[in-house]
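Read left to right, the sequence shown gives residues 41 to 1176 (this note's numbering). Reading through the structure tokens given below for one structure.
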Amino acid sequence: MAEQIPLYPVRSAAALAAANRKRAAYFSAAGPGLGADRPSRYQLEDESAHLDEMPLMMSEEGFENDESDYHTLPRARITRRKRGLEWFVCGGWKFLCTSCCDWLINICQRKRELKARTVWLGCPEKCEEKHPRNSIKNQKYNIFTFIPGVLYEQFKFFLNLYFLIVSCSQFVPALKIGYLYTYWAPLGFVLAVTIMREAVDEFRRFQRDKEVNSQLYSKLTVRGKVQVKSSDIQVGDLIIVEKNQRIPSDMVFLRTSEKAGSCFIRTDQLDGETDWKLKVAVSCTQRLPALGDLFSINAYVYAQKPQLDIHSFEGTFTREDSDPPVHESLSIENTLWASTVVASGTVIGVVIYTGKETRSVMNTSNPKNKVGLLDLELNQLTKALFLALVALSVVMVTLQGFAGPWYRSLFRFLLLFSYIIPISLRVNLDMGKAAYGWMIMKDENIPGTVVRTSTIPEELGRLVYLLTDKTGTLTQNEMVFKRLHLGTVSYGTDTMDEIQNHLVNAYAQMQCQAGGSSTASTPPRKAQSSAPKVRRSVSSRVHEAVKAVALCHNVTPVYEARGMAGETEVAEADQDFSDDNRTYQASSPDEVALVRWTESVGLTLVSRDLTSMQLRTPGGQILTYCILQTFPFTSESKRMGVIVRDESTAEITFYMKGADVAMASIVQYNDWLEEECGNMAREGLRTLVVAKKALTEEQYQDFESRYNQAKLSLHDRTLKVAAVVESLEREMELLCLTGVEDQLQADVRPTLEMLRNAGIKIWMLTGDKLETATCIAKSSHLVSRTQDTHVFRPVTSRGEAHLELNAFRRKHDCALVISGDSLEVCLKYYEHELVELACQCPAVVCCRCSPTQKAHIVKLLQQHTGRRTCAIGDGGNDVSMIQAADCGIGIEGKEGRQASLAADFSITRFKHVGRLLMVHGRSSYKRSAALGQFVMHRGLIISTMQAVFSSVFYFASVPLYQGFLMVGYATVYTMFPVFSLVLDQDVKPEMAMLYPELYKDLTKGRALSFKTFLVWVLVSIYQGGILMFGALVLFESEFVHVVAISFTALVLTELLMVALTVRTWHWLMVVAELLSLGCYVASLAFLNEYFDVAFITTVTFVWKVSAITVVSCLPLYVLKYLKRKLSPPSYSKLSS
41 MAEQIPLYPV RSAAALAAAN RKRAAYFSAA GPGLGADRPS RYQLEDESAH LDEMPLMMSE
101 EGFENDESDY HTLPRARITR RKRGLEWFVC GGWKFLCTSC CDWLINICQR KRELKARTVW
161 LGCPEKCEEK HPRNSIKNQK YNIFTFIPGV LYEQFKFFLN LYFLIVSCSQ FVPALKIGYL
221 YTYWAPLGFV LAVTIMREAV DEFRRFQRDK EVNSQLYSKL TVRGKVQVKS SDIQVGDLII
281 VEKNQRIPSD MVFLRTSEKA GSCFIRTDQL DGETDWKLKV AVSCTQRLPA LGDLFSINAY
341 VYAQKPQLDI HSFEGTFTRE DSDPPVHESL SIENTLWAST VVASGTVIGV VIYTGKETRS
401 VMNTSNPKNK VGLLDLELNQ LTKALFLALV ALSVVMVTLQ GFAGPWYRSL FRFLLLFSYI
461 IPISLRVNLD MGKAAYGWMI MKDENIPGTV VRTSTIPEEL GRLVYLLTDK TGTLTQNEMV
521 FKRLHLGTVS YGTDTMDEIQ NHLVNAYAQM QCQAGGSSTA STPPRKAQSS APKVRRSVSS
581 RVHEAVKAVA LCHNVTPVYE ARGMAGETEV AEADQDFSDD NRTYQASSPD EVALVRWTES
641 VGLTLVSRDL TSMQLRTPGG QILTYCILQT FPFTSESKRM GVIVRDESTA EITFYMKGAD
701 VAMASIVQYN DWLEEECGNM AREGLRTLVV AKKALTEEQY QDFESRYNQA KLSLHDRTLK
761 VAAVVESLER EMELLCLTGV EDQLQADVRP TLEMLRNAGI KIWMLTGDKL ETATCIAKSS
821 HLVSRTQDTH VFRPVTSRGE AHLELNAFRR KHDCALVISG DSLEVCLKYY EHELVELACQ
881 CPAVVCCRCS PTQKAHIVKL LQQHTGRRTC AIGDGGNDVS MIQAADCGIG IEGKEGRQAS
941 LAADFSITRF KHVGRLLMVH GRSSYKRSAA LGQFVMHRGL IISTMQAVFS SVFYFASVPL
1001 YQGFLMVGYA TVYTMFPVFS LVLDQDVKPE MAMLYPELYK DLTKGRALSF KTFLVWVLVS
1061 IYQGGILMFG ALVLFESEFV HVVAISFTAL VLTELLMVAL TVRTWHWLMV VAELLSLGCY
1121 VASLAFLNEY FDVAFITTVT FVWKVSAITV VSCLPLYVLK YLKRKLSPPS YSKLSS
């Protein structure tokens, strides 16, 4: 089929022939040994040669150049060998250096290879290998690396390194230009603030780690119980964990105080799911009479090597001292992973993985130091300014004619013009960031918002990709039963009372039959099940459907402590099961919603253990069912089943429910299922198909023996078990279709709409099922009603991925839905192509994603697109993604606070994202861009004046303004007005929310670019030149007057320029302007050594200063007015 589809221009025959020649040449060159080793692999490749004929790249040329073929590596090795000296000169030396460094680093930090292990119960000393300590460490530094680490983080920025060098140069007498404090005070201030902030953060992290590592646990030894710290637990220890205690390391579950031999654990900090999980103790150790007997047996656990996957585990439990030896297979339900919490009873487990090898630590990535895009852009601009500074100094020395010790003059000029790069830039921007953080936290429209990373508020204004979790982020994680469909009749929320009546009638009828002929109660029901051709009444069909929903699940009713033991153990009809005291626990909220619904219509689940469950009928009768087998839900099978025996009639029934895609082929032929599933999905409901099959005792016994045999196999266990279960799943009787709604959070739809209009592409990454994810994507309008969705078929090999990607390429403007497993395969072979195609989609949904996969997707987007990403989630499983993104937002929800603590910004509702980005993100970026450029302008203007001054006075390297004038200029005289730009806004917050399109402009980065920067440079040169030449032209007899006139005009120009830049006046801006002017006028009285006080008070001084200031500022005001009239910015149309 695939070969017949004419896709894109296929590679020419010549190109293919050339590729084959190269391949043949390689194998003949490699010698007989290598060729003989691998013939079969390359035969296979030639058979699937049609893969190469279907290019995946966007152009033919690209496919040729970047052949993602298996043989690219060997070919590269040969070509490298050919180049020799040429290769070494053209970058080979760089490669060799990197390789050597990598080799050294690997030697120093050699990672231990992870291996499978045999763990003897209670005997840590028997471990053959050394395993890592069981301590948690979230700190970035230790006591020795703190100061070097923080200083490195600061001085890796060109700006700070430059200031350090300039400040150090002042210790050399020949280069000294002014007072030391003019250079060291600002630098010292910046460093002190940074070190203090880092120290506080680091100390908090240390305290949190210490608290977790010093938690005490009971360890079981031959001499009884001893208390150990969490960090001292070793592989092989037997650890007792009480109810509501955190599990300290990965363990295999051996015993529990619960009679049923099972317990519940809460996994919200591991996988983000709030539902409790049922865990089962190893039956061999659970059956032992006393706790101490664990030391009297000779047993071990064989565990697979540590892995990332939190949803799977394979191992075996072996007891050697019994005859014959006992072998039990261990799966995920026998494990207790670290960071989960025991929710019922007390558990005893044997530790199999500790510290870095636990699932929770392996799924957590190290937090990185986040640096905003604006900071990186300013860093580039400062490099450009540095080049200008060097060029200007060289020009000055050249014009001097390289007279005398010219290199000293060059260095002095470099220092004189060093104000081109102002140190106050860092101070102002850091203070600005703190101000934005304060404004965000004080905003009454987004209460409860916390800024945890104060260095990146501007990032909120530059986002292009938003990656969001589903459960608890877009949805409330609250399921409500909405619809029951029986094929001919459908029941909604308003007709549930009819179901109730049907149930009451059905059970009343059955009781009459049982009362009338207690002996002959079995035959009529047998006949009914074996003759499905007879049309049953609606009442009996409703009854069968509700009973199936009430039995086919993994829900357990839990009763509060006051009567828990008594109520769950006693199974008598007259037992009082208090409804108020009961809560349901299950691995999925859908399950709980279904059982709650059966309770609301009259069939109540009152108790359940591993072997039986009890239902209470509307008439109060208790029905007991023996659970023979349960088949849990898996992402592969997409269904779950249970085999039960009715205690009263001894009938064995196999019930099954699952996704429509999985069940369609299992149930008997019908003409309504597919259509109704589509209808419910369009309403945003999660659908489940329920079916049943009656089994005879012989059929069941045959199945059980085959099933138990498959469960013990060590190789391909899952496949063998699935094959046995599938033998039952044939021609099942379709009972009903259920629809459950996961309610969306408030205002999710308008928020997503707003973000889309702002040009932000939204990707949903969830661990949930494909059907559910697609459902929520549609109901939340992440994917619009009219849009097509392309569901990426499950792929396992390179060939399948190739065909599926080509199928996807032919679709246009449709949302992509892909599962984690298929994603993994595609990224392995076609990473670039997949990301390129996915980025063109209006929306992407990735389901069944592990925490590490979520983080990997974020990193891929950053690498391939170079755009800013934001991740938003609410559970522990979202932490890696939040930390990997340029900007992480955590929601404080039902899934704990782990995500909100790890995030850069923490919010309480998803709808707050809109205001956080549209209002605060936008204004933070625009304000910082204006502030940064204005501070640079302030440095450039004074450097221009210095250059003019030196040129006029025979290129002397003498400072124009000395001592306090320079410090005052950068601080008291101009700091407040310049900093008040952080209060500026171009449009009102309401307008920014109403027109999210305004946000689109920011992603292009036009507020701070080389173009806008160049405009400011030209303005600075014009103003600096006017101020200096004006003062020189108008100065009278003394040089002192030049300083007085030019400096006063400079301060006034700066104040007027702030007024010119401001778009919306705030009362604090006016105060700052007047305060600065007042400070300058007042200080004139004390600056006798710089100014002639008698001259300053004359009218001549006033008119000369006014004239120069008007000439320097008036043209700019005129230009601004004309620009606003002729090409107004987008926001001005809204604000007018």
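A virtual CB, placed ideally from N, CA and C, is assigned to each residue, including glycine.
Asked: Give the straight-line distance between the Cα atoms of Thr562 and Val682, rounded to the nearest whole angstrom.; Found: With a pLDDT of 39 at Thr562, under the threshold of 50, the predicted position of this residue should be treated as unreliable, though the coordinate-derived value follows. Roughly 22 Å between the two C-alpha positions.
Asked: Closest to Asp977 by CA distance: which of Ile460, Ile486, Cys879 and Ile388 is it?; Found: Correcting the residue type first, residue 977 is His in the shown sequence and not Asp. For His977, the nearest C-alpha among the options comes from Ile460.
Asked: Specify whether the segment 451 to 459 and the segment 492 to 509 touch according to this definition: at least 3 beta carbon pairs, one from each stretch, less than 8 Å apart.; Found: no
Asked: Could you compute how far the alpha carbon of Asp363 sits from the alpha carbon of Ile667?; Found: 29 Å
Asked: If I measure Cβ to Cβ from Ser862 and keep anything under 7 Å in the same chain, skipping five residues before and after, which residues do I get?; Found: Phe832, Pro834 and Val835
Asked: With distance defined between alpha-carbon atoms, name the residue in Met471, Ile1061 and Ser627 nearest to Ala428.; Found: Ile1061
Asked: In whole angstroms, what separates the C-alpha of Lys299 from that of Ile305?; Found: 16 Å
Asked: Starting from Asp828, follow the beta strand (DSSP E) in both directions and report where the run begins and ends.; Found: Asp828 to Val831
Asked: What are the start and end residues of each continuous beta strand (DSSP E) run of 3 or more residues lying completely inside the segment 870 to 903, in chain order?; Found: 883 to 887
Asked: Could you check where the alpha helix (DSSP H) with Met958 kicks off and where it finishes?; Found: Neither: Met958 is in no alpha helix (DSSP H) and is coded neither H nor E.
Asked: Label Tyr110 either buried or exposed according to how many other C-beta atoms from any shown protein chain fall within 10 Å of its C-beta, with 16 as the threshold for buried.; Found: In this prediction, Tyr110 has a pLDDT of 34, which is less than 50 and means its spatial position is unreliable; what the coordinates show is noted afterwards. Label assigned to Tyr110: exposed.
Asked: Report the rounded CA-to-CA distance for Arg237 versus Tyr192, giving the unit in angstroms.; Found: 15 Å
Asked: Anyone know if the C-beta pair for Ala817 and Ala855 falls short of 8 Å?; Found: yes
Asked: So Cys592 is in the alpha helix (DSSP H); what residue range does that whole segment cover?; Found: Element bounds for Cys592: n/a, residue is neither H nor E.
Asked: Thinking C-alpha only, which one of Ser963, Gln285 and Gln661 is nearest Tyr257?; Found: Gln285
Asked: List, from N- to C-terminal side, the alpha helix (DSSP H) runs of 4 residues or more that fit wholly inside the segment 1128 to 1165.; Found: 1133 to 1136
Asked: Using three-state DSSP, classify Ala699 as helix, strand or coil.; Found: coil
Asked: Give me the Cα-Cα distance between Glu864 and Val275, rounded to the nearest whole angstrom.; Found: 32 Å
Asked: Please name the residue or residues paired with Leu278 in a DSSP beta bridge.; Found: Leu260 and Val390
Asked: Is the separation between the beta-carbon of Cys889 and that of Gly799 shorter than 8 Å?; Found: no
Asked: Residue range of the beta strand (DSSP E) that Asp686 falls in?; Found: Arg679 to Asp686
Asked: Can you tell which of Ser1049, Asp926 and Leu728 has its C-alpha closest to the C-alpha of Pro497?; Found: Asp926
Asked: Taking the alpha carbon of Glu676 as the reference point, which residue from Arg838, Ala924, Trp224 and Cys887 has its own alpha carbon closest?; Found: Cys887
Asked: What residue ranges within the segment 321 to 398 form continuous alpha helix (DSSP H) runs of no fewer than 4 residues, ordered along the chain?; Found: 323 to 326
Asked: Quick one: give me the first and last residue of the alpha helix (DSSP H) that Glu715 is part of.; Found: Leu713 to Arg722
Asked: Give the list of continuous beta strand (DSSP E) stretches no shorter than 3 residues that lie fully inside the segment 735 to 788.; Found: 773 to 784
Asked: Leaving out five residues before and five after Cys1202 in sequence, what residues of the same chain have Cβ atoms less than 7 Å from its Cβ?; Found: Limits of the chain in this structure are 41 at one end and 1176 at the other, which puts residue 1202 out of reach.
Asked: Which two residues bound the contiguous alpha helix (DSSP H) that contains Thr234?; Found: Tyr221 to Asn253
Asked: Could you check the C-alpha separation between His351 and Asn374 for me, to the nearest Å?; Found: 12 Å
Asked: Roughly how many whole angstroms lie between the Cα atoms of Glu1037 and Phe195?; Found: 38 Å
Asked: Tell me the rounded alpha-carbon separation between Val578 and Glu932.; Found: 46 Å
Asked: In its own chain, which residues sit with a C-beta less than 7 Å from the C-beta of Ser1170, not counting the 5 before and 5 after it?; Found: Leu1038 and Asp1041
Asked: Are the segment 331 to 344 and the segment 259 to 278 touching, with three or more C-beta to C-beta distances below 8 Å?; Found: yes
Asked: Using the C-alpha atoms, what's the distance from Val190 back to Ser1172?; Found: 43 Å
Asked: Quick one, are the C-beta atoms of Val1145 and Thr1088 less than 8 Å apart?; Found: yes
Asked: What is the residue span of the beta strand (DSSP E) that Gln285 lies within?; Found: Here Gln285 belongs to no beta strand (DSSP E), and DSSP marks it neither H nor E.
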